[in-house]
Amino acid sequence: MSENFEDVVRAVYEHGVRHDAGQVDRLRRRRNLEPDAAALLSLICQAMGAVRVLEIGTSNGCSTLWLAQAVHDRNGTVLSVDLDADAQRAATTNLARVGLQQHVELRCADGGQVLKDLPDASQDIVLLDSERPEYAGWRPHPVRVLRTGGLLVIDNVLSHADEVADVRALIDADPQLTTAVSPTGKGQLLAIKRPSPGTPRR
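The sequence shown maps to residues 250 to 451 in our numbering.
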């Protein structure tokens with residue numbers, strides 16, 4: 250029997266906070282999306298009717314749980330990518346606790362390479378919550394793989410503004426994107442992909 254979703258996501262987040270407090274190596278920390286930011290992203294996902302979500306940075310699956318819950322009513326799928334196999338095994342366990350594992354494909358791989366290999370306009374939402382200094386080098390793929398009207402989300406844009414300055418400059422200069430910053434959690438950059446010039450309106 251599945252456990253209560255709210256109880257599980259709270260426990261997973263709190264476990265991550267305790268784990269990070271005792272972890273000297275930053276790369277071994279969970280660095281979970283804060284509950285208010287995760288809940289907002291889940292709500293946006295549902296409002297968009299998203300069924301194809303890409304998450305770069307699984308960790309132990311805290312944000313993955315929120316995304317999977319958001320797409321499950323429409324039988325959607327979250328592709329969640331991380332290089333840490335141990336963390337993804339923890340995510341597998343946590344997803345199974347709430348019966349959402351069938352809505353998530355966990356892939357142990359390099360996020361930039363996965364983005365490069367995905368088809369054009371194949372994703373409704375792309376969440377970047379991984380190694381921030383690498384994001385600018387992934388251009389143009391985070392935008393290329395979004396459908397028109399799709400949403401790019403980048404976490405930690407207020408808490409680690411220096412580490413995302415390069416990618417923010419690229420996004421701000423991209424005429425396809427309309428952006429805003431949400432102050433929830435540690436700050437999320439939200440960027441909507443507009444139709445290309447000359448695209449017929451429906």
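For glycine and all other residues, C-beta sits at the position ideal for the given N, C-alpha and C.
Cβ-based neighbour list, residue i, same chain, cut-off 6 Å, excluding 5 preceding and 5 following
i      : result
Ala358 : Val330
Arg388 : Leu419
Gly325 : Val300
Leu332 : none
Val416 : Tyr384 and Ala385
Leu289 : Thr433
Beta carbon of residue i nearer than 7 Å to that of residue j
i      : j      : result
Leu344 : Leu303 : no
Asp369 : Arg301 : no
Arg443 : Val413 : no
Ala339 : Asn309 : yes
Ile441 : Leu400 : yes
Ala317 : Val353 : yes
Val402 : Gly436 : no
Neighbourhood of residue i by C-beta, 7 Å cutoff - its chain only, sequence neighbours within 5 removed
i      : result
Asp285 : Thr433 and Gly434
Ser379 : Ile305, Gly306 and Gly360
Glu252 : Arg346 and Val347
Lys365 : His390
Phe254 : Gln318 and Val347
Ala429 : Leu439
Among the options, the one whose alpha carbon lies nearest that of residue i
i      : options                           : result
Glu263 : Gly298, Cys311 and Ala296         : Cys311
Ser371 : Pro391, Gly360, His409 and Leu377 : Pro391
Val320 : Val430, Asp411, Gln350 and Ile305 : Gln350
Gly265 : Cys294, Ala336, Leu289 and Gly298 : Ala336
Ala385 : Asp421, Leu282, Arg356 and Leu355 : Asp421
Asp322 : Ala287, Leu292, Ser445 and Leu438 : Leu292
His409 : Arg396, Leu438 and Arg267         : Leu438
Arg267 : Ala334, Gly398 and Asn281         : Asn281
Gly398 : Thr341, Leu289, Ser431 and Ala296 : Ala296
Asp423 : Ser431, Asp404 and Ser445         : Ser445
Residue interval of the beta strand (DSSP E) (run including residue i)
i      : result
Thr427 : Leu426 to Ser431
Arg396 : Leu395 to Asp404
Leu376 : Gln372 to Leu377
Leu438 : Gln437 to Lys442
Asp366 : Not the beta strand (DSSP E): Asp366 falls in the alpha helix (DSSP H), residues Gly360 to Asp366.
Leu328 : Thr326 to Asp331
Close Cβ partners of residue i (< 8 Å) along its chain, the five nearest in sequence each way excluded
i      : result
Arg451 : Legend: pLDDT at Arg451 = 47, less than 50; position of this residue unreliable, value from coordinates given subsequently. The answer is none, since no qualifying residue turns up.
Leu367 : Leu303, His390 and Val394
Val257 : Leu314, Asn343, Arg346 and Val347
Thr427 : Ala440, Ile441 and Arg443
Thr341 : Gly310, Gln350 and Leu355
Extent of the continuous alpha helix (DSSP H) run through residue i
i      : result
Gln350 : Where Gln350 is concerned, there is no enclosing alpha helix (DSSP H), given that its DSSP letter is neither H nor E.
Leu282 : Segment: none, Leu282 is in no alpha helix (DSSP H) and carries neither H nor E.
Thr307 : No alpha helix (DSSP H) holds Thr307; DSSP gives it neither H nor E.
Val413 : Taken as a continuous stretch (DSSP letters only), Val413 belongs to no alpha helix (DSSP H), as it is neither H nor E.
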